[in-house]
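**Student:**
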Amino acid sequence: GAGVSQSPSNKVTEKGKDVELRCDPISGHTALYWYRQSLGQGLEFLIYFQGNSAPDKSGLPSDRFSAERTGGSVSTLTIQRTQQEDSAVYLCASSLLAEETQYFGPGTRLLVL
Amino acid sequence: GQNIDQPTEMTATEGAIVQINCTYQTSGFNGLFWYQQHAGEAPTFLSYNVLDGLEEKGRFSSFLSRSKGYSYLLLKELQMKDSASYLCAVRDRFSGAGSYQLTFGKGTKLSVIP
Numbered sequence: 347g348a349g350v351s352q353s354p355s356n357k358v359t360e361k362g363k364d365v366e367l368r369c370d371p372i373s374g375h376t377a378l379y380w381y382r383q384s385l386g387q388g389l390e391f392l393i394y395f396q397g398n399s400a401p402d403k404s405g406l407p408s409d410r411f412s413a414e415r416t417g418g419s420v421s422t423l424t425i426q427r428t429q430q431e432d433s434a435v436y437l438c439a440s441s442l443l444a445e446e447t448q449y450f451g452p453g454t455r456l457l458v459l
Numbered sequence: 018g019q020n021i022d023q024p025t026e027m028t029a030t031e032g033a034i035v036q037i038n039c040t041y042q043t044s045g046f047n048g049l050f051w052y053q054q055h056a057g058e059a060p061t062f063l064s065y066n067v068l069d070g071l072e073e074k075g076r077f078s079s080f081l082s083r084s085k086g087y088s089y090l091l092l093k094e095l096q097m098k099d100s101a102s103y104l105c106a107v108r109d110r111f112s113g114a115g116s117y118q119l120t121f122g123k124g125t126k127l128s129v130i131p
């Protein structure tokens, strides 16, 4: 079946602009995660959604970052007033249940000029 | 918090065996994962260990010792296509607000040479 999909695959933006990144999880997966991978760094947890529960936002680096998940499926990560240090690959993952294996999407490569 | 260490780079010869080590420190261990990531691509799941011992899956095996905070990924009969980064990730039941987030090491870049 279809895996996790993300769009856009690449995004170049100017410092100060807002960006929206989209994630479509595997159908039926209840848990959805956002991670960030900066050059030379490990994947960094950002936010987690599980069903209708309140999301775990403990990994968001600043209040410029927010995310929502509509209808328990598609998720959007929004970065406001982008900074150059936001340049990274943003990866989305989903799992059937929260405690099960996470499967990753191809990521969105964000470059802030 | 967690601290996960793995070697930055390794090189091995096609057909050989390579072992990639991972050490971790965590307060509420709840599983260790290995992922493979080819350059420019998404991480793909390789293995999961939650109990001590060896899990074998074809050419890949993963070992866990919870008392030592140690895991390794063993790759046998190396092929050129195995050149990739290998990511060790730990799940901690006390991390975040009850979520099942993974904490990743920085990855080990494996180069397989002829």
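Protein chains in written order, with the working numbering: chain H, 347 to 459; chain F, 18 to 131.
Each residue gets a CB set at the ideal place from its N, CA and C atoms; glycine is no exception.
Since this is a predicted model, take the numbers as computed values, not measurements.
1) Looking at F:Y65: is its Cβ nearer than 8 Å to the Cβ of F:G45?
2) So the beta strand (DSSP E) H:Y394 belongs to, where does it begin and stop?
3) Using a Cβ-Cβ distance cut-off of 8 Å, determine whether F:E94 contacts chain H.
4) Per DSSP, which one or two residues make a beta bridge with F:I130?
5) Report the rounded CA-to-CA distance for H:T422 versus H:E414, giving the unit in angstroms.
6) Considering only DSSP beta bridges, list what F:V35 is partnered with.
7) Restricting to Cα atoms, I'd like to know which of F:L95, F:R76, F:L68 and F:Y87 is closest to F:Q23.
8) In chain order, what residues of the same chain lie with their CB nearer than 6 Å to the CB of F:V67, ignoring the 5 residues before and after it?
9) If I'm right that F:F62 touches F:F50 with Cβ under 8 Å, what's the distance once you round it to whole angstroms?
10) Report yes if the C-beta distance between H:L392 and H:G405 is below 8 Å; otherwise report no.
11) Grouping DSSP H, G and I as helix and E and B as strand, with all else coil, what is H:Q429?
12) For the stretch 428 to 446 of chain H against the stretch 362 to 379 of chain H, do three or more pairs of beta-carbon atoms, one drawn from each stretch, fall closer than 8 Å, so that the two count as touching?
13) I'd like to check one pair, F:K126 with F:I34: are the Cβ atoms closer than 8 Å?
14) Give every residue of the same chain whose Cβ lies closer than 6 Å to the Cβ of H:R382, excluding the five residues on either side of it in the sequence, and list them in chain order.
15) Contact check, H:G451 vs H:G349 under 8 Å by CB: the rounded distance?
16) Drop a sphere of 10 angstroms on the beta-carbon of H:V458, count the other beta-carbons inside from all chains shown, and report buried for 16 or more, exposed for fewer.
17) Grab the span of the beta strand (DSSP E) containing H:K403 for me, first residue to last.
**Tutor:** A quick look at the data gives this:
1) Position 48 of the second sequence, counting from 1, holds the residue named residue 65 of chain F. Position 28 of the second sequence, counting from 1, holds the residue named residue 45 of chain F. No; because the gap between Cβ atoms is not below 8 Å, this pair is not in contact.
2) Start at 1 with the first residue of the first sequence, and residue 394 of chain H comes out as number 48. Segment L389 to Q396, the beta strand (DSSP E) holding H:Y394.
3) What you label residue 94 of chain F is simply residue 77 of the second sequence in a count that begins at 1. For F:E94, the nearest beta carbon of chain H is not closer than 8 Å to its own beta carbon.
4) Residue mapping note: residue 130 of chain F aligns to position 113 of the second sequence, counting from 1. Residue pairing of F:I130 in beta bridges, as defined by DSSP: F:T30.
5) The residue labelled residue 422 of chain H in the question sits at position 76 within the first sequence. The residue labelled residue 414 of chain H in the question sits at position 68 within the first sequence. H:T422 and H:E414: Cα-Cα distance of roughly 6 Å.
6) In the second sequence, residue 35 of chain F corresponds to position 18, counting from 1. Within the DSSP bridge table, the entry for F:V35 names F:L92 as partners.
7) The residue given as residue 23 of chain F occupies position 6 in the second sequence. Considering only F:L95, F:R76, F:L68 and F:Y87, the residue with the shortest C-alpha distance to F:Q23 is F:Y87.
8) Here residue 67 of chain F corresponds to residue number 50 of the second sequence, with the count starting at 1. Same-chain partners within the cutoff: G48.
9) In the second sequence, counting from the first residue as 1, residue 62 of chain F sits at position 45. In the second sequence, counting from the first residue as 1, residue 50 of chain F sits at position 33. The distance from the Cβ of F:F62 to that of F:F50 is about 7 Å, consistent with a contact at the 8 Å cut-off.
10) Along the first sequence, read from residue 1 onward, the residue named residue 392 of chain H stands at position 46. Along the first sequence, read from residue 1 onward, the residue named residue 405 of chain H stands at position 59. Contact: yes.
11) Taking the first residue of the first sequence as position 1, residue 429 of chain H is located at position 83. Secondary structure at H:Q429: coil, using DSSP grouped into helix, strand and coil.
12) Under the 8 Å Cβ criterion, the stretch 428 to 446 of chain H counts as touching the stretch 362 to 379 of chain H, having at least three qualifying pairs.
13) Translated into positions along the second sequence, residue 34 of chain F becomes position 17. Translated into positions along the second sequence, residue 126 of chain F becomes position 109. It is not a contact, given that the beta carbons lie outside the stated cut-off.
14) Residue mapping note: residue 382 of chain H aligns to position 36 of the first sequence, counting from 1. Same-chain partners within the cutoff: E390, L392, A434 and Y436.
15) Stepping through the first sequence from its first residue, residue 451 of chain H is reached at position 105. Stepping through the first sequence from its first residue, residue 349 of chain H is reached at position 3. Rounded to whole angstroms, the Cβ separation of H:G451 and H:G349 is 7 Å, and the two are in contact under 8 Å.
16) Locating residue 458 of chain H in the first sequence gives position 112, counting from the first residue. With 16 or more other Cβ atoms within 10 Å, it is buried.
17) Sequence index remark: in the first sequence, residue 403 of chain H carries index 57 (1-based). Note, H:K403: premise wrong, no beta strand (DSSP E); not H, not E.
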